[in-house]
Amino acid sequence: MEKISLIIPCYNEEESLPYLFAELKKVTAEMPEYDFEMLFVDDGSKDKTLQLLREIGKEDARVKYISFSRNFGKEAAMYAGFCNVTGDYAAVMDADMQDPPSLLPKMMEIIKTGEYDSVATRRETRKGEPKLRSFFARTFYKMINKVSDADIVDGARDFRLMKRAMVDSIVAMSERDRFSKGIFGWIGFRTYWLPYENVERVAGQTKWSFKKLFKYSIDGIVDFSDAPLKISTGLGIFSMLGFLGMLIFALVRTIGYDYPIMDWPLLVSVMCFLTGLVLICLGIVGIYIAKIFKETKHRPGYIIGETNKDDAVSK
Ligand code: UDP
Ligand code: MG
């Protein structure tokens, strides 16, 4: 029998887990032709998530959990999942049921046609999301698609079902600062996009503050594009040209028409402009250097504190 592995990152999800587990039991019962493995990754939760997982693990042998020693972030949790599942197919899904498990039979059906290597989901609307957040999200997707070679779809969820080959290539991308939406797009493979209506989380609170999302979007751009470096070079050239123009103008004015050489307010403003430009460009270069520094330390992406999976590995 073929096996489907479900990877479920959980951070303080004590309220939604009972709903999710009930739903998973229902959906897996509807697909008797497959074996299931449910790998819950507890991302250093501070509530009763781990206790709940221990109980569910005892109740259902298909339930495995890996609990991190602290909060490493959803990206690390997903990576831990990919590294530790054994199924012929794998899917990541949120614990709050915003990635409806009821879509699984449909997704499996599409994969079984043999036309696709993965079925990814896309929210058709951002209903129920704050307007400002939607606006920034949209702008981000427009921008990143312009500047990077990974195909990143607006409204794409991390919820996707994929074949083993795809899971292996994700595991092989062992970078520490992970941006899964970019990784999924970068590795390629034939993907079917399944749209669905946005669902609000079943219980509990979102774990993503605006600040976290902003940092995540910068990571996304820097991880998959060197356009910011090129832009900073462009800005440098542009300001050099401006500087040359000004110089010629000042010289001609002084020599030809006997004007005093530039007045000080103008000089100060040009100086401020140039210093600002240099610092911005240095900052951009710095972001990339910081990334290099982080990657070269080769620290593990996550640390397992507790698990009921004997062969669980840290990577
Ligand atoms: N999550 C996680 N680590 C974190 C933050 C979130 O594992 O540091 C999990 C969370 O438990 C949920 C999923 O990632 O299963 C998506 O988080 P959330 O629903 O808060 O994000 P949103 O859907 O609001 O974007
Ligand atoms: Mg959610």
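Letter by letter, the sequence shown follows residues 14 to 328 in our numbering. Backbone N, C-alpha and C fix where the C-beta goes; we use that ideal spot for every residue, glycine too.
Over the uninterrupted beta strand (DSSP E) stretch that includes Ile317, give me the two end residues. 317-320
The ligand UDP and Glu26: does any heavy atom of the ligand fall closer than 8 Å to the residue's C-beta? At least one heavy atom of the ligand UDP is nearer than 8 Å to the Cβ of Glu26, so yes.
Ends of the alpha helix (DSSP H) at Phe34? 30-42
Look at Thr246 and Lys77 and say whether their C-beta atoms are less than 9 Å apart. no
According to the neighbour-count rule (16 or more other Cβ atoms, all chains shown, within 10 Å of its Cβ), is Gly201 buried or exposed? exposed
I want to check one thing, is the minimum distance from the CB of Cys96 to the heavy atoms of the ligand UDP below 8 Å? no
Is Arg214 a contact residue of the ligand MG, with contact defined as CB to any heavy atom under 8 Å? yes
Within 9 Å of any Cβ in chain D, is that where the Cβ of Leu280 sits? Of the protein chains in this structure there is only one, and it is not chain D.
Contact between the stretch 94-104 and the stretch 28-41 (3+ Cβ pairs under 8 Å): No, they do not touch.
Start and end of the beta strand (DSSP E) containing Arg173? 169-176
Decide yes or no for the touch test of the stretch 181-195 against the stretch 131-147: beta carbon pairs closer than 8 Å, at least 3 of them. no
Taking Cβ to Cβ, would you say Ala216 is nearer than 9 Å to Phe172? no
Touching by the beta-carbon criterion (3+ pairs, under 8 Å), the stretch 50-61 and the stretch 121-131: no
Distance, Asp164 Cα to Tyr154 Cα: Note on geometry: alpha-carbon atoms of Tyr154 and Asp164 lie some 10 Å from one another.
Does DSSP put Ile165 in a helix, in a strand, or in coil? coil
For Asp48 and Leu33, the rounded distance between their alpha carbons: 18 Å
Could you tell me the distance, in whole angstroms, from the CA atom of Asp232 to the CA atom of Leu248? 22 Å
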